[in-house]
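K.L.:
Using this note's numbering, read the sequence shown as starting at 7 and increasing by one per residue.
We put the CB at the ideal spot given by N, CA and C, even for glycine.
Pasting a structure below so you can have a look.
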Amino acid sequence: MGCCCCCSSGDRVLPSADSQNEYEKFEKLLAEEVGPNNPHGWQIKSDWAKDYNKQKFKMRVSLRKHESGNPNKLLRGDGKYQGVSPEDFLGFLLNPENLPGLKEWKDVETLPDGYIKYCRVKVPCMT
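Below, the structure written as C-alpha cells:
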C-alpha cells in the first residue's frame, strides 16, 4: 500500500537578478516621492515628528508593495538628524531598544561618503 501526501502553499516570488548594484538601487528608491498621492504606492506609517527628539533625531517610516510580487512589503525609513554622524545613526539603530527584533546586520557596500547596510528584522506579531 502506498501513500502520497502533498502540501501546497502560495508560490514564492524572489527578486529577479539585475545589473544594478546596491547603491544604484538605493538611489532609485531615494528618488521616489513618498508624500500624499505619490505614484509609487508608498504609504506613510509614521510621519515626521514636529520637533527633533532629545538626541536631535526624527524619522519617517513608509511601506509599499515590492515590485517583484513578493508578499513582504518594502520598508523605507527616512531619518533627519542634527549634529550626528552616520556612525551615531547606526549606533542608534543597533540599540535593541530602538530596533527590537533585529535578526541580521550586514555590510553591503562601502562608499566614499558613507555606506549601505542590510538589516533583517522580525516584525512583532508575525512568524
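For L99, which residues in the same chain have their Cβ closer than 6 Å to its Cβ, ignoring the five residues on either side in sequence?
P.N.:
To locate residue 99, count along the sequence shown from 1; it is residue 93. Here the set comprises L105.
K.L.:
Comparing alpha-carbon positions, which option in P118, N101, G107, G41 lies nearest R70?
P.N.:
Taking the first residue of the sequence shown as position 1, residue 70 is located at position 64. Among P118, N101, G107, G41, the Cα nearest to that of R70 belongs to G41.
K.L.:
Apply the 10 Å Cβ neighbour rule to S74 and answer buried if 16 or more other Cβ atoms are within range, or exposed otherwise.
P.N.:
Along the sequence shown, read from residue 1 onward, the residue named residue 74 stands at position 68. Counting Cβ neighbours within 10 Å, S74 comes out exposed, since fewer than 16 surround it.
K.L.:
Does DSSP put E110 in a helix, a strand or coil?
P.N.:
Mapped onto the sequence shown, residue 110 falls at position 104. If DSSP states are grouped into helix, strand and coil, E110 belongs with the strands.
K.L.:
I'd like to check one pair, Y124 with K109: are the Cβ atoms closer than 9 Å?
P.N.:
The count along the sequence shown starts at 1 and reaches residue 109 at position 103. The count along the sequence shown starts at 1 and reaches residue 124 at position 118. No, the Cβ-Cβ distance between K109 and Y124 is not below 9 Å.
K.L.:
With Y29 as the anchor, note down where its alpha helix (DSSP H) starts and where it stops.
P.N.:
Numbered from 1 along the sequence shown, position 23 holds the residue referred to as residue 29. Here the alpha helix (DSSP H) through Y29 covers 28-37.
K.L.:
Could you compute how far the alpha carbon of M65 sits from the alpha carbon of G83?
P.N.:
By one-based count along the sequence shown, residue 65 stands at place 59. By one-based count along the sequence shown, residue 83 stands at place 77. Approximately 7 Å, taken between the alpha carbons.
K.L.:
Provide the residue(s) that pair with D84 in DSSP beta bridges, ordered along the chain.
P.N.:
Looking up residue 84 in the sequence shown gives position 78. DSSP, once it has assigned bridges, lists R66 as partnering D84.
K.L.:
Determine the closest residue to E33 out of R126, K128, L117, V127, with distance taken between C-alpha atoms.
P.N.:
Residue numbering aside, residue 33 sits at position 27 when the sequence shown is read from its first letter. Selected option, being the one with the closest Cα: L117.
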